[in-house]
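Numbering (the numbering used here), first residue to last: 43 to 219.
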């Protein structure tokens, strides 16, 4: 009997507690963060700056590659024009040239790696403040409109159905564009 009363009290507590929770109004909105970032003027400027930097690195590396290829072709022509006796006679000189070509090739690889690292750092330096600005604007608009949660409805963000308020236009207005 006591067990039944205890179970009934526990059940009643869950029902009443659940009702209280259900009565609390949770406001949820959503925004496509990728679309917002893409449309921000600061992001467009950052992307233009990054594209210019990438083109600069590409041009420098391509010039080095062309110079390397030219020297390799010259070296091969030189080697092919020599007789066996001349090859033996100039072996030390040819090995020195070959080492210089290998060094040049390694320098090109290093330049590619350095360019990629510098590009990544510059990208992070330019884009992080823009993302932070967007985040603060979303938080400000959500708070002003009484939303407790804002879901990211960008592709791949995991939101299947976004029926709540879309804050996109309000956040754009907050950001001034």
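The beta-carbon is built from N, C-alpha and C at its ideal position, and this holds for glycine as well.
For residue 102, there is no enclosing beta strand (DSSP E); the residue is part of the alpha helix (DSSP H) that begins and ends at 83–123. Nearest to residue 70 by C-alpha distance, out of 190, 196, 171, 138, is 190. Between the alpha carbons of residue 193 and residue 98 lies a gap of roughly 39 Å. Per DSSP, residue 212 is one residue of the alpha helix (DSSP H) stretching across 210–217. DSSP places residue 191 in the strand class (E or B) of the three-state scheme. Shown here, residue 71 sits in a strand according to DSSP, grouped into three states.
Here the alpha carbons of residue 146 and residue 80 stand approximately 40 Å from one another. In the three-state scheme derived from DSSP, where H, G and I count as helix and E and B as strand, residue 132 is classed as coil.
Within the same chain, and ignoring the five residues on either side of residue 152 in sequence, no residue has its Cβ closer than 6 Å to its Cβ.
Rounded to whole angstroms, the separation of the alpha carbons of residue 116 and residue 106 is 15 Å.
Burial state of residue 68 is exposed, judged by a 10 Å Cβ sphere holding fewer than 16 other Cβ atoms.
Between the alpha carbons of residue 132 and residue 142 lies a gap of roughly 15 Å.
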